[in-house]
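Peer 1:
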Amino acid sequence: MTGEAPLRARAADLVARPGYGELLAAVRARLEAGGDPATVTLPRLGPDGRRALADLLGRREPPPPEQRVRGATLDAALRASRVGAGLVDVLEALGGRLADRRADRARSRAAWDAVWDLDHPALDRPEVAQWLAALRRVGTLRRLAPDTDAAAALLRQALAVVDRLPERAVPLSVLAAETVGDPHALDQRQPLATLVLRAAALMGDREAPTSARGRRQLWAEVGVVCDPLSVSVLVLGLRLHGTDIVADAANDHAGFAVPLRLTLHQLATTDTLRSPQQRIMACENPAVVAAATARLGELEEEAVHPLVCVEGMPDVAADRLLSGLADGGATLAFHADFDWGGLRIGNVLHHRYRAVPWRFTAQDYRAAVAATRSGERLSARSGRAVWDPHLAPAMRQADRAVAEEQLLESLLSDLVPG
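According to the working numbering, the sequence shown holds residues 763 to 1180 in order.
Shown next, in the form of structure tokens:
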């Protein structure tokens, strides 16, 4: 057999002829893609490539644009030509060792399957399993990691963080340092933060946020503090014991029936969050606060039952306030939208602060459906209400969502005297 260097030179002379480079490149691509080496199906060759194939095979007329050629025929023709070597030898002399794309793909699939072969306590949580299934389905992890080793490490870190959620007012950098050893690993646009925020969004039954403000709010909803000044809780008519600046601000605003936003920073600096009011109402939507404020203005009244608006899943500011009020002996009564997200909010309020339902039972839902003309259908996702086992079945049966904005009159009748 001739040496490698002379073969490379003869092969180079061959592909220098018109059409041979196109022909041999097409054959190589087909073989590397896992095509049948016994019968090589060539793609649509150009005129020069077709003439080169006819010349190599000793035919007078060029073949059709798409052609199937026996691999043994090509091999024999090349051995009989001036190049004097078989098909594989010629291809490898020109472009290096032939790749086996099919085997490469199989090895890649096996390597990625191994990434998802996980064993972690967090996998017992349904929302975590749902998050992992979504990551795998849409390919998020592949886009964030350069290879399977990096992907496996990133996924293990994400599970370690998700296993800690929801937290109770832990700084973002502290959570990152304690779980993965890097206080900046959960900073904005870091791959780990992207993965964890998708899990947090599922916990709150919402879409992953795209803005910096939305990301901060989502962190706050799972108890992680990015900035104590950017997270707040909306209140109306709430009075607090004490003489510090936070209690003074709350009492002054309550006296004038003016809504107030208390930041996490303010709530963290006050000595007490106890209230002289023994029953505190909690709602989901700011529209209830706005409507109560407007009604007070119409009535020229200052008295209002205290109202805390959680604006979705309670964030770290709402958690600190509600925890303080509950620990101080106040009874918390909650209402939210009659949808699956509202039930999840109610479950958290009931479990975490021993809150009781406020017009938020199966009987109240049936009355709300009867009293409202329209409402969106409930999403495919379902849920349960731990405080009333009959509420979720009633919602599934009626298949209607009822927002707090549709029930303002009944809610205001409890909040505003007269």
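By construction, the Cβ of each residue, glycine as well, lies at the ideal position given by its N, Cα and C atoms.
Keep in mind the model is a prediction, meaning the values are calculated, not measured.
If you count every other CB in all the chains shown that lies within 10 Å of the CB of D1204, and 16 or more means buried, which is it?
Peer 2: Outside the shown range of the chain (763 to 1180) lies residue 1204, about which nothing can therefore be said.
Peer 1: Cutting at 7 Å between CB atoms, please list the residues of its own chain near R864, excluding the five before and the five after it.
Peer 2: Here the question's residue 864 lines up with position 102 in the sequence shown. G796, listed in sequence order.
Peer 1: In this structure, how does DSSP classify V958 when only helix, strand and coil are distinguished?
Peer 2: Numbered from 1 along the sequence shown, position 196 holds the residue referred to as residue 958. Residue state, collapsed to three classes: helix.
Peer 1: With a CB to CB cut of under 6 Å and the five nearest residues on each side skipped, what residues in its chain are close to A1117?
Peer 2: The residue labelled residue 1117 in the question sits at position 355 within the sequence shown. So the qualifying residues of the chain are L1094, F1096, L1111.
Peer 1: For the putative contact between L1026 and L1035, defined by C-beta atoms under 8 Å, what is the C-beta separation to the nearest angstrom?
Peer 2: Counting from 1 along the sequence shown, the entry for residue 1026 is found at position 264. Counting from 1 along the sequence shown, the entry for residue 1035 is found at position 273. Going by Cβ atoms, the distance from L1026 to L1035 rounds to 12 Å, so no, they are not a contact pair.
Peer 1: V1178 by DSSP, collapsed to three states: which one?
Peer 2: Taking the first residue of the sequence shown as 1, we reach residue 1178 at position 416. V1178 falls in the coil class under three-state DSSP.
Peer 1: Determine the direct distance from the alpha carbon of W893 to that of D1014, and round the result to whole angstroms.
Peer 2: Within the sequence shown, the letter at position 252 stands for residue 1014. Within the sequence shown, the letter at position 131 stands for residue 893. Those two C-alpha atoms are separated by around 45 Å.
Peer 1: If you count every other CB in all the chains shown that lies within 10 Å of the CB of T1031, and 16 or more means buried, which is it?
Peer 2: Here the question's residue 1031 lines up with position 269 in the sequence shown. So T1031 ends up on the exposed side.
Peer 1: To which residues does DSSP link M1043 through a beta bridge?
Peer 2: Position 281 of the sequence shown, counted from the first residue, corresponds to residue 1043. Beta-bridge partners of M1043 (DSSP): L1069, A1095.
Peer 1: Around the Cβ of L1169, are there at least 16 other Cβ atoms within 10 angstroms (buried) or fewer (exposed)?
Peer 2: To locate residue 1169, count along the sequence shown from 1; it is residue 407. Under a 10 Å Cβ-count criterion, L1169 is classified as buried, with 16 or more other Cβ atoms of the shown protein chains found around its own Cβ.
Peer 1: What does the Cβ neighbour count give for R871, buried or exposed, with the cut at 16 atoms within 10 Å?
Peer 2: Translated into the one-based positions of the sequence shown, residue 871 becomes position 109. So R871 ends up on the exposed side.
Peer 1: Taking the alpha-carbon positions, what's the P953 to A895 distance?
Peer 2: Mapped onto the sequence shown, residue 953 falls at position 191. Mapped onto the sequence shown, residue 895 falls at position 133. Their backbone Cα atoms lie some 18 Å apart in a straight line.
Peer 1: Taking Cβ positions, are D1099 and E1171 nearer each other than 9 Å?
Peer 2: Working through the sequence shown from its first residue, we reach residue 1099 at position 337. Working through the sequence shown from its first residue, we reach residue 1171 at position 409. No, the pair does not count as a contact, with Cβ atoms beyond the cut-off.
Peer 1: Cβ of L948 within 9 Å of Cβ of L937?
Peer 2: For the purposes of this step, residue 948 is taken as the residue at position 186 of the sequence shown. For the purposes of this step, residue 937 is taken as the residue at position 175 of the sequence shown. Taking 9 Å as the Cβ cut-off, L948 and L937 qualify as a contacting pair.
Peer 1: Does the stretch 977 to 990 come close enough to the stretch 1078 to 1088 that 3 or more CB-CB pairs lie under 8 Å?
Peer 2: yes
Peer 1: Ignoring anything shorter than 4 residues, give me the alpha helix (DSSP H) runs that lie fully in the stretch 987 to 1063, in order along the chain.
Peer 2: 1007 to 1017, 1026 to 1031, 1048 to 1061
Peer 1: Using the C-alpha atoms, what's the distance from R887 back to G1091?
Peer 2: By one-based count along the sequence shown, residue 1091 stands at place 329. By one-based count along the sequence shown, residue 887 stands at place 125. G1091 and R887 have their C-alpha atoms some 32 Å from each other.
Peer 1: So V802 is in the alpha helix (DSSP H); what residue range does that whole segment cover?
Peer 2: Counting from one through the sequence shown, the residue named residue 802 turns up at place 40. Careful: V802 lies outside any alpha helix (DSSP H), inside the beta strand (DSSP E) at 801 to 804.
Peer 1: Below 9 Å between beta carbons: does that hold for V802 and L769?
Peer 2: Within the sequence shown, residue 802 is the residue found at index 40, counting from 1. Within the sequence shown, residue 769 is the residue found at index 7, counting from 1. The answer is no: Cβ separation not under 9 Å.
Peer 1: Sorted by chain position, which residues of the same chain lie with C-beta nearer than 7 Å to D810's C-beta, five sequence neighbours on each side aside?
Peer 2: In the sequence shown, residue 810 corresponds to position 48, counting from 1. P780, G781, E784, listed in sequence order.
Peer 1: Is R844 helix, strand or coil by DSSP?
Peer 2: Here residue 844 refers to the residue found at position 82 of the sequence shown. Reduced to three states, the DSSP call for R844 is coil.
Peer 1: State the CB to CB distance for the pair V1051 and L1105, rounded to an integer number of angstroms; the pair is presumed to be in contact (CB under 8 Å).
Peer 2: Here residue 1051 refers to the residue found at position 289 when the sequence shown is read from its first residue. Here residue 1105 refers to the residue found at position 343 when the sequence shown is read from its first residue. Contact flag wrong, Cβ pair sits at about 21 Å.
Peer 1: Beta carbon of R772, beta carbon of R844: below 9 Å?
Peer 2: For the purposes of this step, residue 772 is taken as residue 10 along the sequence shown, with counting starting at 1. For the purposes of this step, residue 844 is taken as residue 82 along the sequence shown, with counting starting at 1. Taking 9 Å as the Cβ cut-off, R772 and R844 qualify as a contacting pair.
Peer 1: Beta-carbon within less than 6 Å of T764's beta-carbon, same chain only, minus the 5 sequence neighbours each way: which residues are those?
Peer 2: As a position in the sequence shown, residue 764 is number 2, starting the count at 1. Its pLDDT being 47, under 50, T764 is placed unreliably by the model, and the measurement read from it follows with that caveat. Once the five neighbours on either side are set aside, T764 has no close Cβ partner at all.
Peer 1: Just checking my contact of Y1127 with A1156 at CB under 8 Å: how many whole Å lie between their CB atoms?
Peer 2: The sequence position of residue 1127 within the sequence shown is 365, counting from 1. The sequence position of residue 1156 within the sequence shown is 394, counting from 1. In this structure Y1127 touches A1156 by the C-beta definition: roughly 5 Å separates them, less than 8 Å.
Peer 1: Could you check what DSSP says for R1106 in three-state terms: helix, strand or coil?
Peer 2: Along the sequence shown, read from residue 1 onward, the residue named residue 1106 stands at position 344. Annotated three-state conformation of R1106 is helix, per DSSP.
Peer 1: Name the DSSP beta bridge partners of V1118, please?
Peer 2: For the purposes of this step, residue 1118 is taken as the residue at position 356 of the sequence shown. According to DSSP, which records beta bridges pairwise, V1118 is partnered with A1095.
Peer 1: From R960, P1021, N1109, pick the residue whose C-alpha is nearest to that of V1066; which is it?
Peer 2: As a position in the sequence shown, residue 1066 is number 304, starting the count at 1. Minimum Cα distance to V1066 is reached at P1021.
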